[in-house]
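Asks:
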Amino acid sequence: ELAEFCIAQSPGPTVRAMSINDFIHSVPELRYRLIIQCTPVGQINHPGNPLTDFSWHETDFAFDLIYNPLRTGFLQAASHSGAKTMNGLGMLIEQAALSQVFWMTGLLPDASPLSETEYQMLKEGPTNHFSSSCQDFGT
Numbered sequence: 036e037l038a039e040f041c042i043a044q045s046p047g048p049t050v051r052a053m054s055i056n057d058f059i060h061s062v063p064e065l066r067y068r069l070i071i072q073c074t075p076v077g078q079i080n081h082p083g084n085p086l087t088d089f090s091w092h093e094t095d096f097a098f099d100l101i102y103n104p105l106r107t108g109f110l111q112a113a114s115h116s117g118a119k120t121m122n123g124l125g126m127l128i129e130q131a132a133l134s135q136v137f138w139m140t141g142l143l144p145d146a147s148p149l150s151e152t153e154y155q156m157l158k159e160g161p162t163n164h165f166s167s168s169c170q171d172f173g174t
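Now the structure itself:
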């Protein structure tokens with residue numbers, strides 16, 4: 036009840052968290068959607084796309100938390116339909132930086148540990164850029 040009251044009193048966009056099944060069967064109310072893919076489907080050793088046959092729109096934004104491969108089937112399908120996309124590489128790098136703060140230095144860095152140029156090089160590289168190192172660890 037309290038959550039519903041707060042949502043009703045808050046200006047701004049509506050945010051809904053739902054399962055993939057509920058999402059697939061829901062009717063979009065607006066054409067500005069942020070879809071966050073946070074399942075293992077699409078990882079280098081778990082290929083696939085959890086939203087096959089989904090009708091993407093050019094105003095959608097697809098974010099896949101997976102970083103190996105950099106372009107998952109989920110992101111490829113979204114991009115093919117004109118949606119904006121982002122993979123999980125940036126999140127991985129920022130988590131690594133924060134882990135260093137937490138475990139080693141106690142100091143927050145002023146900037147990302149990865150320059151824009153380095154990020155672009157990784158982004159434009161082969162989609163299995165990390166596959167050899169991941170396979171070395173049996174993941």
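In the working numbering, each number is its position in the sequence shown, counted from 1, plus 35. Cβ coordinates follow ideal geometry from the N, Cα and C atoms, glycine included.
1) Our contact map puts N80 next to D99 with C-beta atoms below 8 Å; I'd like the distance itself, whole angstroms only.
2) Quick check: the Cα distance between D57 and I71, rounded to an integer number of angstroms?
3) Looking at S61 and E93, is the spacing between their C-beta atoms short of 8 Å?
4) Excluding the 5 residues flanking V136 on each side, which residues of the same chain have their C-beta closer than 7 Å to its C-beta?
5) Measuring CA to CA, which of T120, L127, S54 and P82 is closest to W91?
6) Which residue from M126, L124 and A113 puts its Cα closest to that of D95?
7) Per DSSP, which one or two residues make a beta bridge with L69?
Replies: Once the coordinates are examined:
1) Here residue 80 corresponds to residue number 45 of the sequence shown, with the count starting at 1. Here residue 99 corresponds to residue number 64 of the sequence shown, with the count starting at 1. Contact flag wrong, Cβ pair sits at about 15 Å.
2) Taking the sequence shown and counting its residues from 1, one reaches residue 57 at position 22. Taking the sequence shown and counting its residues from 1, one reaches residue 71 at position 36. One C-alpha to the other measures close to 14 Å.
3) Position 58 of the sequence shown holds residue 93. Position 26 of the sequence shown holds residue 61. Their beta carbons are not under 8 Å apart, which means E93 does not touch S61 by this criterion.
4) Residue mapping note: residue 136 aligns to position 101 of the sequence shown, counting from 1. Result list for V136: L142 and L143, in chain order.
5) Reading the sequence shown from its first residue, position 56 is the one you call residue 91. The shortest C-alpha separation from W91 is found at T120.
6) Start at 1 with the first residue of the sequence shown, and residue 95 comes out as number 60. Comparing Cα-Cα distances from D95 to each of M126, L124 and A113, the minimum goes to A113.
7) To locate residue 69, count along the sequence shown from 1; it is residue 34. Beta-bridge pairing links L69 to F96.
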